[in-house]
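In our numbering, the protein residues as written are 680 to 993.
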């Protein structure tokens, strides 16, 4: 038992950097920014006009509608709490993390590979959601589903998620579209679905898979994680390139291909983003060279700003 606890702690330290989480939570993301970015309002009901039944209390945060304050509790405890009803039950989020072989790539010099970066990103967001009593689940996949952890709001869920992320090896090809279809049929209740991947797949197939989630009224986010080498192609001199998903090997002089490669990557990323936006899917390209806390904060702040902008148009 002692050894299991020690391993779990090491895994948590690897994927949940305390410095990263401290910076993120400092901006009131636990109570407002994260959920406001995912679903407009804090656990607001999508079923306006239906009768409701009291479910529980939660702490008041700035911006909450004061008409839901429980003044009896305040009179007894001097605490401000909000009444929650059945229709305000907490968000259910499912993270789909790509564990295909291409996610093993890391630039020379000891840079962080795409998979551990993606795992840290998903774990950090899961940690924040669990802190505000939201339910979080995980799917790891390559060409098939490797792990499927159902959403739970139990605080120990983060250990289960981190353990699954830590114990995954990246060995096979990816196949995102059928994974999305399979998960969409399993996730019945409306919530958040976040795909974390390098998206080495067919764009049209990817969009068909993501649209399946949108068809079920899920909020969908795509975090496109790429290595800085893949974005800048810094190679010099004759270089042997080996495909990580059984795509063979080739020796080339990279400088003659750099501009064509960069144009192709730029076109691909812009096309994925364009189609995501057209389907009301949030998209963010993230380089493994970006500090995790900065990437996470920038993305969540942009989502919150978009929600406020949409609200101001109503």
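All residues carry an ideal CB built from backbone N, CA and C; glycine is no exception.
Pairing residue 888 with residue 864 gives a Cβ-Cβ distance that is not under 7 angstroms. Separation of residue 820 and residue 750 (C-alpha to C-alpha, rounded to the nearest whole angstrom) is 48 angstroms. Linking residue 824 to residue 817 through their CA atoms gives a straight-line distance of about 11 angstroms. DSSP places residue 777 inside the beta strand (DSSP E), whose first and last residues are 771–777.
Between the stretch 966–974 and the stretch 789–809, the count of C-beta pairs closer than 8 angstroms reaches three or more; the two stretches touch. The continuous stretches of alpha helix (DSSP H) do not include residue 961, which lies in the beta strand (DSSP E) extending over residues 961–966. Counting along the chain, the unbroken alpha helix (DSSP H) around residue 882 starts and ends at 882–894. With a 10 Å radius around the Cβ and a threshold of 16 neighbouring Cβ atoms, residue 837 comes out buried. When DSSP reads this structure, residue 817 sits in a beta bridge with 774 and 828.
A distance below 6 angstroms between beta-carbons, with the five flanking residues on each side excluded, links residue 962 to the following residues of its chain, in chain order: 901, 952 and 955. One thing to note: residue 814 has its Cβ no nearer than 7 angstroms to the Cβ of residue 797. Assignment of beta-bridge partners to residue 738 by DSSP yields 760. Comparing alpha-carbon positions, the option among 738, 879, 904 and 873 lying closest to residue 890 turns out to be 873. In the DSSP assignment, residue 898 is bridged to 871. Taking C-beta atoms as the reference points, residue 773 and residue 875 fail to come closer than 7 angstroms. Residue 941: member of the alpha helix (DSSP H) spanning 937–957, first to last residue.
Boundaries for residue 747: no alpha helix (DSSP H) harbours it, and the DSSP string shows neither H nor E there. Per the coordinates, the alpha-carbon of residue 781 lies some 32 angstroms from the alpha-carbon of residue 834.
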